[in-house]
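Here's the structure, in structure tokens; my notes come after.
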Amino acid sequence: MDLHDLTAAYALDALDPDEAEAYERHLSQCEECREQLAELNESATALAFGTVAPAPPPRLRASILDTAAAERSNVVPLLRRPWVARGLGVAAAAAACVIVGFAVALSQSSRTRVVTVVLGPDRTATLHITGLSSAPSGKTYEAWVIPAGRRARPAGLFSGGGGTTVRLHGTVPRNAVVAVTVERTGGASAPTTTPLFSARA
Amino acid sequence: MDRQLAHLSDEALVALAARSEQSALAELYDRYGRTAYGLALRVVRDKTLAEDAVQDAFLTIWRTASRFVPERGKASTWILTLVHRRAVDTVRREQRRRAESLDQAAEPSVEGVEEDAWLRLQRERVQAALRRLPDTQREALELAYYGGFSQTELAERLGQPLGTIKSRMFTGLSRLREQLGEPGTEKSWTSTT
Numbered sequence: 000m001d002l003h004d005l006t007a008a009y010a011l012d013a014l015d016p017d018e019a020e021a022y023e024r025h026l027s028q029c030e031e032c033r034e035q036l037a038e039l040n041e042s043a044t045a046l047a048f049g050t051v052a053p054a055p056p057p058r059l060r061a062s063i064l065d066t067a068a069a070e071r072s073n074v075v076p077l078l079r080r081p082w083v084a085r086g087l088g089v090a091a092a093a094a095a096c097v098i099v100g101f102a103v104a105l106s107q108s109s110r111t112r113v114v115t116v117v118l119g120p121d122r123t124a125t126l127h128i129t130g131l132s133s134a135p136s137g138k139t140y141e142a143w144v145i146p147a148g149r150r151a152r153p154a155g156l157f158s159g160g161g162g163t164t165v166r167l168h169g170t171v172p173r174n175a176v177v178a179v180t181v182e183r184t185g186g187a188s189a190p191t192t193t194p195l196f197s198a199r200a
Numbered sequence: 000m001d002r003q004l005a006h007l008s009d010e011a012l013v014a015l016a017a018r019s020e021q022s023a024l025a026e027l028y029d030r031y032g033r034t035a036y037g038l039a040l041r042v043v044r045d046k047t048l049a050e051d052a053v054q055d056a057f058l059t060i061w062r063t064a065s066r067f068v069p070e071r072g073k074a075s076t077w078i079l080t081l082v083h084r085r086a087v088d089t090v091r092r093e094q095r096r097r098a099e100s101l102d103q104a105a106e107p108s109v110e111g112v113e114e115d116a117w118l119r120l121q122r123e124r125v126q127a128a129l130r131r132l133p134d135t136q137r138e139a140l141e142l143a144y145y146g147g148f149s150q151t152e153l154a155e156r157l158g159q160p161l162g163t164i165k166s167r168m169f170t171g172l173s174r175l176r177e178q179l180g181e182p183g184t185e186k187s188w189t190s191t192t
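So the protein sequences, as listed, match chains A and B. 195 is the number that numbering that gives the first Met the number 0 gives to position 196 of the first sequence; each next residue is one higher, with no gaps. 116 is the number that numbering that gives the first Met the number 0 gives to position 117 of the second sequence; each next residue is one higher, with no gaps.
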């Protein structure tokens with residue numbers, strides 16, 4: 000079986016499972032087939048637009064979105080758009096302090112959210128957040144310090160709501176990442192959700 | 000309906016979905032849900048099974064959005080490929096169309112379907128491109144993509160060597176690509192709505 004010959008059939012999902020597996024293994028080693036597949040995939044997908052498309056029942060949309068929300072209900076939506084560097088919501092507390100990361104995002108209610116990490120000369124750090132809604136019932140925000148190449152270390156819990164200042168536990172080594180996630184009340188020993196915010200020191 | 004993310008590209012929406020932004024998933028559904036459902040319905044020929052295939056595909060998007068690599072292809076291709084794969088898996092598992100004759104993979108009637116203007120233009124464009132293919136190539140593409148037949152099944156049912164089926168699929172897809180033109184021309188299509 001010449002695996003190069005299977006690209007069109009793979010793009011059309013016309014391979015039997017064992018052939019598809021063999022082709023996928025081949026694909027990981029064949030740049031030429033990857034390029035050809037990208038092209039043929041686009042053509043095959045054009046066929047999707049060649050069908051009559053009756054409107055799906057509205058319950059389908061609701062069902063997909065409800066299931067998606069239930070799967071990641073402990074994550075609070077944060078970003079309307081990528082980090083936008085704008086004016087700082089917090090003045091650099093002291094001249095010796097370094098601001099290592101800040102982010103501005105519009106929260107769901109369109110309030111501007113500013114996240115600032117202020118790193119002191121002794122490598123202790125403070126997190127300032129404005130415009131962060133209160134953590135959902137049964138949840139808490141948890142800050143993390145993640146030293147390069149090491150596991151995340153819990154650095155404090157907070158409940159949000161208006162302006163929040165959190166003094167992070169311990170110190171923040173060079174190149175460590177500071178992050179915030181939503182966790183169950185009481186906190187977790189390791190992050191279980193996608194960070195709302197992260198910055199490298 | 001809330002369409003505040005309507006200005007974002009598909010790829011940007013996938014990136015937001017990877018950050019658990021539910022409204023991004025909703026926007027992707029609003030853009031491709033109808034095409035996805037039409038495709039799934041064409042392949043599985045059962046409304047409930049079609050809904051299941053679309054739901055599975057969109058939840059896969061939600062769960063694996065962070066692994067999507069824009070350099071490897073368009074987000075819409077990724078989404079509709081997921082939908083198609085689910086639909087084909089379903090139809091093969093259900094053995095639904097095994098008893099049916101090949102010509103039943105043909106286009107269902109437009110009658111009674113209220114079509115979106117832009118989707119109708121897209122459909123006519125793709126169908127016109129298909130009509131310009133030689134019959135044997137069009138047949139191979141339609142039976143594989145809409146009928147869910149594997150190349151081995153097609154070779155058996157059409158009484159042709161496997162090599163012939165492979166080359167019809169390859170040449171058919173390549174010509175379809177030429178007929179439909181480069182992605183850049185799609186922009187002028189969207190402006191016709």
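For every residue, glycine included, the Cβ atom is placed at its ideal position computed from N, Cα and C.
Alpha-carbon spacing of residue i relative to residue j, whole angstroms
i: B/GLN178; j: B/MET168; result: 15 angstroms
i: A/THR139; j: A/SER188; result: 13 angstroms
i: B/TYR145; j: A/VAL114; result: 50 angstroms
i: A/ASN203; j: B/GLU20; result: The shown model of chain A, from 0 to 200, leaves out residue 203 of chain A, and the question about it has no answer.
i: B/ARG91; j: B/GLY147; result: 7 angstroms
i: A/ARG110; j: B/ARG130; result: Low local confidence applies: a pLDDT of 48 at A/ARG110 is under 50, so the model's placement there is unreliable, with the coordinate-based value given in what follows. C-alpha separation (whole angstroms): 53 angstroms.
i: A/GLY161; j: A/LEU126; result: 14 angstroms
i: A/PRO122; j: A/VAL144; result: Looking at the sequence provided, one finds Arg at residue 122 of chain A rather than Pro. Roughly 12 angstroms between the two C-alpha positions.
i: A/VAL179; j: A/GLU31; result: 42 angstroms
i: A/ALA95; j: A/ALA147; result: Confidence in A/ALA95 is poor, its pLDDT being 42 and thus under 50, which makes the residue's placement too unreliable to answer from.
i: B/ILE263; j: B/LEU120; result: This structure cannot speak to residue 263 of chain B, because chain B is shown only from 0 to 192.
i: B/ALA116; j: B/ALA74; result: 22 angstroms
i: A/ARG24; j: A/ASP15; result: 14 angstroms
i: B/ARG18; j: A/ARG183; result: 19 angstroms
i: B/GLU70; j: A/ALA142; result: 33 angstroms
i: B/PRO47; j: B/LYS165; result: Here residue 47 of chain B is Thr; the residue named in the question, Pro, does not match the sequence. Cα to Cα, the separation comes out at about 32 angstroms.
i: B/SER173; j: A/VAL116; result: 53 angstroms
i: A/ARG60; j: B/GLN3; result: 17 angstroms
Nearest candidate by alpha-carbon position, reference residue i, set the options
i: B/ALA64; options: B/LEU38, B/GLY72, B/LEU12 and B/ARG85; result: B/LEU12
i: B/THR80; options: A/THR180, A/SER42 and A/ILE63; result: A/SER42
i: A/ALA124; options: A/LEU2, A/ALA198, A/HIS3 and A/LEU39; result: A/ALA198
i: A/VAL46; options: B/ALA154, B/GLY180, B/ARG174 and B/GLU141; result: Note on residue identity: the sequence assigns Leu, not Val, to residue 46 of chain A. That would be B/GLU141, whose Cα lies nearest to the Cα of A/LEU46.
i: B/ALA5; options: B/GLU123, B/GLU138 and B/ALA25; result: B/ALA25
i: B/GLU123; options: A/PHE48, A/THR44 and A/PRO153; result: A/PHE48
i: B/ARG33; options: A/HIS25, A/PRO55 and A/ALA8; result: A/PRO55
i: B/LEU118; options: B/GLN159, B/ARG30 and B/GLY72; result: B/ARG30
i: A/VAL51; options: B/ARG62, B/ALA35, B/GLY158 and B/LEU172; result: B/ALA35
Simplified DSSP state of residue i, which is helix, strand or coil
i: A/TYR140; result: strand
i: A/LEU195; result: coil
i: B/VAL125; result: helix
i: B/ARG130; result: helix
i: B/LEU179; result: helix
i: A/GLY186; result: coil
i: A/HIS3; result: helix
i: B/GLY72; result: coil
i: A/PHE157; result: strand
i: A/ALA68; result: helix
i: B/ALA17; result: helix
i: A/ARG152; result: strand
i: A/HIS25; result: helix
i: B/LEU4; result: coil
i: A/HIS127; result: strand
i: A/VAL117; result: strand
i: A/THR163; result: strand
Cβ pair residue i, residue j closer than 8 angstroms
i: A/PRO53; j: B/GLY37; result: yes
i: A/THR6; j: A/GLN35; result: yes
i: A/THR164; j: A/VAL181; result: no
i: A/ALA10; j: A/ASN40; result: yes
i: A/ALA67; j: B/LEU58; result: yes
i: B/LEU161; j: B/THR170; result: no
i: A/ALA19; j: A/LEU2; result: no
i: A/GLY169; j: A/ALA151; result: no
i: B/THR89; j: A/THR44; result: no
i: B/ILE60; j: B/LEU7; result: no
Residues of its chain near residue i, where Cβ-Cβ distance is below 8 angstroms and the 5 sequence neighbours each way are ignored
i: A/SER133; result: SER158, GLY159 and GLY160
i: B/THR163; result: ALA154
Nonlocal neighbours in the same chain, by C-beta distance under 6 angstroms from residue i, ignoring five residues either side
i: B/ALA86; result: ALA39, VAL42, VAL43 and ALA52
i: B/LEU15; result: ALA23
i: B/ASP266; result: Any question about residue 266 of chain B goes unanswered here, given that chain B covers just 0 to 192.
i: B/THR135; result: ARG167
i: B/ALA128; result: LEU175, GLN178 and LEU179
i: B/ASP9; result: ALA74 and SER75
Sequence-distant residues of its chain with Cβ nearer than 7 angstroms to residue i (five each side left out)
i: B/PRO133; result: none
i: A/PRO194; result: ALA178, VAL179 and THR180
i: A/SER136; result: none
i: A/VAL171; result: LEU118, ARG122, ALA124, VAL144, VAL177 and ALA200
i: B/ALA139; result: LEU153, ILE164, ARG167, MET168 and GLY171
Neighbour flag for residue i against chain C, beta carbons, 8 angstroms
i: A/ASN174; result: Looking for chain C here will not work: the only protein chains present are A and B.
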